[in-house]
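Encoded as structure tokens, the structure appears first; notes follow it.
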Amino acid sequence: MSDAASRTDSDPQASRQKRAIPDLFLLQYLPIIPRGVALDLGAGNGRNSLFLAEHGFEVDAFDRDAESVEKLMRVAQERNLSVRAIRNELTTLTILPKRYSLAVIAWVLMFLRRGERDGLVKMAIRGLVPGGFIYLGVFSTQDPGYALCKEKFEEIEERTFFVPKRKMTMHYFLPEEAKALLGGLDLIAFKEGYEMDIGHGDPHHHGRIEVIARLPKE
27 MSDAASRTDS DPQASRQKRA IPDLFLLQYL PIIPRGVALD LGAGNGRNSL FLAEHGFEVD
87 AFDRDAESVE KLMRVAQERN LSVRAIRNEL TTLTILPKRY SLAVIAWVLM FLRRGERDGL
147 VKMAIRGLVP GGFIYLGVFS TQDPGYALCK EKFEEIEERT FFVPKRKMTM HYFLPEEAKA
207 LLGGLDLIAF KEGYEMDIGH GDPHHHGRIE VIARLPKE
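Rendered as structure tokens:
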């Protein structure tokens, strides 16, 4: 696969983990999010989990990759941070209801099919306490990978493609689609942009959508 094609399945999460930088859009709204237990889905090496734990949250972090989970636990223990890292496929995960003041689903929904995406977000919302927040980060159709996927790969669902070399799916979101996932929640902030990524390979750009929403208080 060409370098350009390889970027269809690169993501901001991997590059930011190298620098241990949390998602900056989430960081901006952290002051209004009540402290409590945070859920980090697709946590990777824990750039968001570790930051949240350093800022007053207990964190439940889930990822499918055993090496990433082990590294996250090791770093959390070294820093004496309250992070519980668990290896689990997001498609088979069970989330406890009304446990979390914050749910983070950053740069992972693109790799799931529609039913899996919808189910995971609904379960994460059920996991929020009243007044809890959710943060989503996804690729948009502005991403260069979208045009490339349309040209090269099979479209198995609307704007969802199968990438044979990685044996994975890749989905690109429309703004209204990302908002619809959080239907019934109060929309706090929405951002759509086209941003440079310098974290891996040559500098390149991604189309991104980020959303902060809040579950109404009972």
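So the sequence shown is residues 27 to 244, counted in the working numbering. Think of the CB as a built atom: it goes at the ideal place given N, C-alpha and C, for glycine as much as any other residue.
With 16 as the cutoff for other CB atoms within 10 Å, does residue i come out buried or exposed?
| i | result |
| --- | --- |
| glutamine 168 | buried |
| leucine 213 | exposed |
| threonine 195 | buried |
| glutamate 236 | buried |
| alanine 111 | buried |
| alanine 206 | exposed |
| methionine 222 | exposed |
| leucine 138 | buried |
| leucine 208 | buried |
| glycine 210 | exposed |
| alanine 92 | exposed |
Look at the Cβ atom of residue i, then the Cβ atom of residue j, and state whether they are nearer than 7 angstroms.
| i | j | result |
| --- | --- | --- |
| arginine 140 | glutamate 202 | no |
| serine 75 | aspartate 89 | no |
| leucine 154 | leucine 116 | no |
| asparagine 71 | lysine 97 | yes |
| glycine 163 | aspartate 49 | yes |
| alanine 150 | alanine 129 | yes |
| glutamate 109 | valine 85 | In the sequence as presented, glutamate is not what sits at residue 109; that position holds valine. In this structure, valine 85 lies closer than 7 angstroms to valine 109 by Cβ. |
| glycine 171 | leucine 241 | no |
| phenylalanine 83 | arginine 100 | no |
| alanine 64 | leucine 107 | no |
| proline 156 | lysine 243 | yes |
Could you name the residues of the same chain whose beta carbon sits closer than 7 angstroms to that of residue i, not counting the 5 residues immediately before and after it, in chain order?
| i | result |
| --- | --- |
| arginine 185 | Thr167, His197 and Tyr198 |
| alanine 204 | Leu162, Val164, Ile235 and Val237 |
With a threshold of 8 angstroms on Cβ separation, who are the neighbours of residue i within its own chain once the five nearest residues in sequence on each side are excluded?
| i | result |
| --- | --- |
| glutamate 180 | Phe187 and Phe188 |
| leucine 53 | Phe77 |
So for residue i, helix, strand or coil by DSSP?
| i | result |
| --- | --- |
| leucine 65 | strand |
| glycine 163 | strand |
| glycine 233 | strand |
| phenylalanine 51 | helix |
| glutamate 80 | helix |
| arginine 33 | Any reading at arginine 33 needs caution, since the residue's pLDDT is 41, under 50, leaving its predicted position unreliable; the model's value is listed next. In the structure shown, arginine 33 sits in a helix (DSSP, three-state: H, G or I). |
| glutamate 93 | helix |
| isoleucine 59 | coil |
| glutamate 244 | coil |
Which same chain residues end up closer than 6 angstroms to residue i when comparing Cβ atoms and leaving out the 5 residues on each side of it in sequence?
| i | result |
| --- | --- |
| isoleucine 238 | Tyr55, Tyr161, Ile214 and Ala215 |
| aspartate 228 | none |
Next item on the list: Kindly provide the ranges of any beta strand (DSSP E) runs that are 3 or more residues long and lie completely inside the region 97-160, ordered along the chain.
Entry: Counting whole runs of 3 or more residues, the region 97-160 contains the beta strand (DSSP E) stretches 109-113 and 126-132.
Notebook entry, point to check: Could you give the uninterrupted runs of the alpha helix (DSSP H) lying entirely in the region 184-219, keeping only those of 4 residues or more?
Noted result: Counting only runs of 4 or more, we get 201-206.
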